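Working notes, structure below.
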Amino acid sequence: DLLGLVNTLYPPVLSEEWDNAGLQAGDPSAELKRVLVCLDPSEQALDTARETGAQALLTHHPLLFRPLRNLTPVDETGRILFRSIREGVAVLCAHTNLDKAAPGLNDWLAERLGLSDVSPLSAHRGGDLLKLVVFVPRGYEEVVADALFKGGAGQVGNYDRCSFAVAGTGTFRPGEGTDPFLGRQGETERVGEIRLETILPREAQTRVVEKMLKAHPYEEVAYDLIPLANGRPLVGLGRIGRLAQPSTLSEFAAGVKAALGGGPMRFVGDSARKVLKVAVCGGSGASLLNEAARRGADVLVTGDLKYHEARSAESRGMAVIDAGHFATEHIMIKGMAEALRREAERRGLNIEFIEMEGEEDPFKAV
179 DLLGLVNTLY PPVLSEEWDN AGLQAGDPSA ELKRVLVCLD PSEQALDTAR ETGAQALLTH
239 HPLLFRPLRN LTPVDETGRI LFRSIREGVA VLCAHTNLDK AAPGLNDWLA ERLGLSDVSP
299 LSAHRGGDLL KLVVFVPRGY EEVVADALFK GGAGQVGNYD RCSFAVAGTG TFRPGEGTDP
359 FLGRQGETER VGEIRLETIL PREAQTRVVE KMLKAHPYEE VAYDLIPLAN GRPLVGLGRI
419 GRLAQPSTLS EFAAGVKAAL GGGPMRFVGD SARKVLKVAV CGGSGASLLN EAARRGADVL
479 VTGDLKYHEA RSAESRGMAV IDAGHFATEH IMIKGMAEAL RREAERRGLN IEFIEMEGEE
539 DPFKAV
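Letter by letter, the sequence shown follows residues 179 to 544 of our numbering.
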């Protein structure tokens, strides 16, 4: 159930190929009442899980990232795995799928910094959408369409329940042993039908088709699933948007620091330059510097900026604020916990989501 919630909101198909999101350790059939949402899978998080009675850690950073050559409790990963299994605490993560999802980490970061007119900075690759076409007898199209939408079909950007319908004539001849909804065995039947089309993400295919078949009146349902090259307009790495009014770089940097908890921060660029169009990417987003410049951003807010990346930004006349990996991602705890509470309530699942407190940036300011 928990995996279903997470995968619905943050589909694994959005993950980068090098990533390792999902269930890291634990029994998928184990009983679950409480989940601790945290940034890192740490021993501190396991301590908190024990104190709060949580049966799972839901983290942003993966516990298992590269293949293990051995499994012993002498290193950090081994110690956490040994403890999690001994103490019956599952470990799950949503990493780059959370970064790209809408709403996801970068939407929460953009909101925290007061951006409007927000869109993905780097669009997600296409190829993970499907068009579903199903033929329904007249009078049943609303029932079937409603089932499709409840399964997760019909979402196009910020619009939902999207479909297209056209009338036509269907023909069929029920064979021996059939129990047709319309017509008689051995006789060709002509029926007024509706061709109903909608769109769905590939990860929702099983759920959508199951709900469609359950709602459809026919014994044998004719339908098509067609792969699409379309991308998802709200999904992708980073976000770009605008401030309500222009600011200087130094003023904006001070606002970013306050909005993200006042931790260590540094910036590249003329402190007096005007800032209006802002790109953001939580964690390590310097790879999006070129795209931010191409999209006309005045500044990129991210973390983990390296010296040569700073020089590259400087040569492009691009401002960058290095707000820190921790500060730009720690906000996911509140955002993801709230989103999962809403989705669990909608599905009637009695799962408590606890927000981890006490995690700190490993870097300290002098």
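Glycine included, every Cβ here is placed at the ideal spot set by N, Cα and C.
This structure is a prediction, so every number in the text was calculated from the model and none was measured.
- Pairwise C-beta distances place the stretch 274-287 in contact with the stretch 504-519, as three or more of them are shorter than 8 angstroms.
- Nearest to G292 by alpha-carbon distance, out of M514, Y188 and K435, is K435.
- Closest by C-alpha distance to R351, out of R420, E398 and R525, is E398.
- A Cβ-Cβ separation of about 5 angstroms places I499 in contact with A431 under the 8 angstroms criterion.
- In this structure, the alpha-carbon of G305 lies about 16 angstroms from that of N275.
- Out of L483, A199 and D476, the CA that lies nearest to the CA of P442 is found in L483.
- CA-to-CA, the gap between I404 and L308 works out to about 5 angstroms.
- For A407, same chain residues with a beta-carbon under 8 angstroms away, outside a window of 5 residues either side, are G304 and G305 in chain order.
- Secondary structure of L236 (DSSP, three-state): strand.
- Boundaries of the alpha helix (DSSP H) harbouring Y485: Y485 to R494, taken from the DSSP string.
- Taking C-alpha positions only, L210 is separated from V446 by approximately 46 angstroms.
- By the C-beta criterion, the stretch 312-319 is judged to be in contact with the stretch 358-377, since at least 3 inter-stretch pairs fall below 8 angstroms.
- For T384, the enclosing alpha helix (DSSP H) has its first and last residue at Q383 to A393.
- Of all C-beta pairs linking the stretch 195-206 to the stretch 231-251, three or more are shorter than 8 angstroms, placing the two stretches in contact.
- Listed in chain order, the alpha helix (DSSP H) elements of length 4 or more contained wholly in the stretch 420-505 are 427-437, 467-472 and 485-494.
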